[in-house]
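Below you'll find the structure, written out as structure tokens, and then a few comments.
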Amino acid sequence: MRFAHALQALLVAPALAAGCALADPATALPVSRIGEGAYVFYGAQEETSAANLGAIANVGFVIGERCVAVIDAGGSPVEGARLRAAVRAATDRPVCAVINTHMHPDHVYGDSAFLPDGPQFIGHVHLGPALAARSGSYARALQRELGEQGRDAQLVMPTRSVTPAEPVALDLGGRTLMLRAWRTAHTDNDLTVYDERTGTLWAGDLLFAGRIPSLDGSLTGWLAVMDQIEAINPQRVIPGHGPSDDWRAAMAAQRRYLQALADGTRAAIRARHTISQAMQEVAGAEQSRWLLFDGYHRRNIAAAYAELEWEQ
Numbered sequence: 014m015r016f017a018h019a020l021q022a023l024l025v026a027p028a029l030a031a032g033c034a035l036a037d038p039a040t041a042l043p044v045s046r047i048g049e050g051a052y053v054f055y056g057a058q059e060e061t062s063a064a065n066l067g068a069i070a071n072v073g074f075v076i077g078e079r080c081v082a083v084i085d086a087g088g089s090p091v092e093g094a095r096l097r098a099a100v101r102a103a104t105d106r107p108v109c110a111v112i113n114t115h116m117h118p119d120h121v122y123g124d125s126a127f128l129p130d131g132p133q134f135i136g137h138v139h140l141g142p143a144l145a146a147r148s149g150s151y152a153r154a155l156q157r158e159l160g161e162q163g164r165d166a167q168l169v170m171p172t173r174s175v176t177p178a179e180p181v182a183l184d185l186g187g188r189t190l191m192l193r194a195w196r197t198a199h200t201d202n203d204l205t206v207y208d209e210r211t212g213t214l215w216a217g218d219l220l221f222a223g224r225i226p227s228l229d230g231s232l233t234g235w236l237a238v239m240d241q242i243e244a245i246n247p248q249r250v251i252p253g254h255g256p257s258d259d260w261r262a263a264m265a266a267q268r269r270y271l272q273a274l275a276d277g278t279r280a281a282i283r284a285r286h287t288i289s290q291a292m293q294e295v296a297g298a299e300q301s302r303w304l305l306f307d308g309y310h311r312r313n314i315a316a317a318y319a320e321l322e323w324e325q
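Residue 14 is where the sequence shown starts when you use our numbering, and the numbers rise one by one after that.
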């Protein structure tokens with residue numbers, strides 16, 4: 014556990030320092046330039062709270078000659094407004110697209126800040142139904158976590174969809190982003206964005222770095238999608254959470270955890286152990302290697318058990 018605590022201190026402290034003025038929507042997010050016309054803000058490696066106002070996921074934008082695409086807008090309207098301010102500080106070109114990598118609240122609740130720009134809101138073909146099904150529970154959770162800052166938050170439904178069968182080439186003017194919808198993996202609505210100019214793949218939560226992966230789709234599907242992402246061999250990958258300095262190492266760590274989850278759950282099922290027993294047995298050796306392990310690992314086992322018991 015000492016390693017996890019040290020890692021958490023290293024990753025969270027800068028985000029918390031940057032979040033001191035987080036409630037001010039006029040203050041631009043402190044984005045980092047990762048390549049020509051490409052910027053990212055690395056979220057805090059923690060749960061959504063009133064202190065961080067939902068700024069826990071990696072978000073960013075890419076600038077073309079004609080317009081700008083935002084890739085995930087964050088976990089609250091305030092964070093979205095601060096990301097919009099960062100866009101305006103970098104360029105006067107209009108925002109023509111807000112791309113959501115999947116449905117989770119820490120990635121989508123900032124979308125409403127960009128409504129005045131009139132962009133396309135783009136996501137996986139399953140994103141709209143997923144958001145509609147969860148809108149009530151998401152709204153209650155956000156208000157509970159953020160208090161008054163979460164009261165008027167609204168989900169923005171996608172206006173353009175991407176299907177797994179038909180990737181979309183999004184032209185920003187002299188710069189093309191390739192949008193790909195995936196089979197069920199982390200969720201049933203994962204979408205990646207590949208910036209051809211910089212060789213950067215924005216992976217959303219198909220990749221976690223440092224923070225424990227959260228299973229909300231298919232374990233076997235996620236492992237298969239990871240193989241396909243590695244085959245793309247991008248120069249750089251922006252995870253949904255955590256730093257991106259060595260994406261191959263992050264992918265290897267995630268694969269180790271997910272494979273241990275799969276192997277351990279299958280063994281528990283073969284032994285006719287209950288889910289409760291599996292939660293005490295499966296992949297416990299991974300605990301010291303991940304932030305927020307205690308908050309998500311048992312849920313991951315429950316999701317894996319429900320999926321894998323049908324293999325028998």
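The beta carbon of each residue, even a glycine, is placed where N, CA and C say it ideally should be.
Other residues of its chain near A34: CB distance less than 6 angstroms, five sequence neighbours each side excluded: No answer about A34 holds up, because its pLDDT of 46 lies below 50 and its placement is not dependable.
For R312, three-class secondary structure by DSSP: helix
Stretch pair the stretch 186 to 204 + the stretch 160 to 168: three plus CB contacts closer than 8 angstroms: no
Environment of N65 [buried if 16+ CB atoms lie within 10 Å]: buried
Residues bridged to G136 (per DSSP): S174
For G255, the three-state DSSP class (helix, strand or coil): coil
As assigned by DSSP and simplified to three states, the class of M116: coil
Best match in V295, A281, S301, R283 for proximity to A266 [C-alpha to C-alpha]: S301
Coil, strand or helix - L185 by DSSP: coil
D130 versus I112 - alpha carbon distance: 14 angstroms
Anticipated Cβ contact below 8 angstroms, T104 with F134, distance rounded: The Cβ separation is near 20 angstroms, so there is no contact.
Exposure of S231, with buried meaning 16 or more beta-carbon neighbours within 10 Å: buried
Start-end ranges of the alpha helix (DSSP H) lying completely within the stretch 233 to 308, minimum 4 residues: 260 to 283, 288 to 294
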